[in-house]
């Protein structure tokens, strides 16, 4: 009863943490978003544009980083088949050109550092050399999206951590209230507890050594490009491998009232899931990103391989156990 | 040092290591480790084993 009361308090606290984090993030990241769409009729006579420009504008209320998406489309025809190019120029209040582009491209995306003020867009049209532009009128459709890019500051990072911590606490509280084995808490006999202690000790020493190696590689600069995260994750995986393998081999990992198959299945599923995420991530993003840093799917691969290996070790051990079941060991 | 007394007492009742383990409430490997002399059980476990096998502590665990 007391345990459930504590778990319930934990559940409420975790929800409060998550709500606070979400609230802070939503307030902090309510960036400016400017959208507009318009049309302009182009008139061509004797191969010359009679009204050869169109304008648009947007207002920035505060200085910052903004993502711009500018697009133009010729109604009823592909831009590339039009015979003319469209140029776009963005100027500030002082008339300074802060961005310009010219192409058939229907969709331009860029990120700009903008100060507070008004900005004007000017679209101009240039007949391509040798192109045959028919006299007549055509309609050009424009769209403009300006979105403020807010970078997470200290408060934002704190909010994200609050959400993560709240989510973890929420899961733990749920398990405490609704989870647990039907057979009660996991039971281990006295020999198993002693062997677990030995297993923890060996795993602790392995982690100490591997973290030491990782630190050395990090400080000497040998580990670069995001590999430090990989090495520290590898340290944890090695510690896990040592403890679980020792536990399987000395029969102290599975509790007396637990099913062997449950643990192996759980490890196998975790391994497969992480391997799928890792492989699909690497296929789409590659090992290194544009900045030369290692992509996170590599860590998924490492964790997946560890879990899969542990599942295999468990299966092997259980196969050996099954062979000797019914026959006493001498 | 191997505990042959325990092994013979268990065999006398036609119990496997697994059977004895289940009755005592420990794992089969624990019974095996005790019989092989790889593990020294606590007095509580010794008493539990004695109860199941119907023997005294001296009969099963005293070193001759």
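Protein chains in written order, with this note's numbering: chain A, -13 to 316; chain B, 89 to 152.
Heads up, the beta-carbon is just placed ideally off N, CA and C, and yes, glycines get one too.
- Message: Would you say residue 115 of chain B lies against chain A (beta-carbon separation less than 8 Å)?
- Response: yes
- Of the listed residues A/113, A/134 and A/127, nearest to residue 53 of chain A (C-alpha basis): A/134
- Partner residues on chain A for residue 118 of chain B, Cβ-Cβ distance less than 9 Å: 175, 176, 177, 178 and 237
- Message: Between residue 232 of chain A and the ligand FMN, is there a pair consisting of the residue's CB and a ligand heavy atom that are separated by less than 7 Å?
- Response: The ligand FMN is absent from the structure shown, which contains no ligands of any kind.
- Task: Ignore the nearest five residues each way along the sequence and tell me which others in residue 94 of chain B's own chain have a CB closer than 6 Å to its CB.
- Result: 123 and 148
- Query: So, do the segment 248 to 263 of chain A and the segment 294 to 304 of chain A have three or more beta carbon pairs nearer to each other than 8 Å?
  - Reply: yes
- Coarse secondary structure for residue 231 of chain A, derived from DSSP in three states: helix
- Message: Give me, in chain order, the residues of the same chain whose beta-carbon lies closer than 6 Å to that of residue 181 of chain A; leave out the 5 immediate sequence neighbours on both sides.
- Response: 236 and 238
- Closest by C-alpha distance to residue 47 of chain A, when choosing among A/126, A/286 and A/132: A/132
- Contact set between residue 242 of chain A and chain B, taken where Cβ atoms lie within less than 7 Å: 115
- Taking DSSP as the reference, what is the three-state secondary structure of residue 281 of chain A? coil
- Message: Please list the terminal residues of the continuous beta strand (DSSP E) segment that includes residue 93 of chain A.
- Response: 93 to 100
- Message: Quick check on residue 92 of chain B - is its C-beta less than 8 Å from some C-beta in chain A?
- Response: no
- Item | Residue closest to residue 110 of chain A, alpha-carbon to alpha-carbon, out of A/104, A/76, A/100 and A/82 | A/76
- Listed in chain order, which residues of the segment 129 to 150 of chain B have Cβ atoms closer than 9 Å to some Cβ of chain A? 129, 130, 132 and 133
- Message: Cβ closer than 8 Å: which chain A residues qualify as neighbours of residue 100 of chain B?
- Response: Residues of chain A passing the Cβ test: none, with the nearest at roughly 14 Å.
- Message: Suppose you measure from the CA of residue 85 of chain A to the CA of residue 40 of chain A; what does that come to, to the nearest Å?
- Response: 16 Å
- Simplified DSSP state of residue 270 of chain A, which is helix, strand or coil: helix
- Query: By Cβ distance, which residues of its chain are closer than 8 Å to residue 121 of chain B, with the 5 residues on each side in sequence left out?
  - Reply: 127
- Message: For a cutoff of 8 Å on Cβ pairs, would you count residue 121 of chain B as touching chain A?
- Response: yes
- Item | CB of residue 130 of chain A within 8 Å of CB of residue 49 of chain A, strictly | no
- Query: When you compare only the Cα positions, how much space is there between residue 205 of chain A and residue 218 of chain A?
  - Reply: 13 Å
- Message: I need the boundaries of the alpha helix (DSSP H) containing residue 101 of chain B, first residue and last residue.
- Response: From DSSP, residue 101 of chain B is part of no alpha helix (DSSP H); its letter is neither H nor E.
- Query: Below 8 Å between beta carbons: does that hold for residue 280 of chain A and residue 202 of chain A?
  - Reply: no
- Query: Relative to the C-alpha of residue 107 of chain A, which residue among A/126, A/96, A/73 and A/93 is closest?
  - Reply: A/73
- Message: Taking its Cβ as the centre, do 16 or more other Cβ atoms sit within 10 Å of residue 190 of chain A, making it buried, or is it exposed?
- Response: exposed
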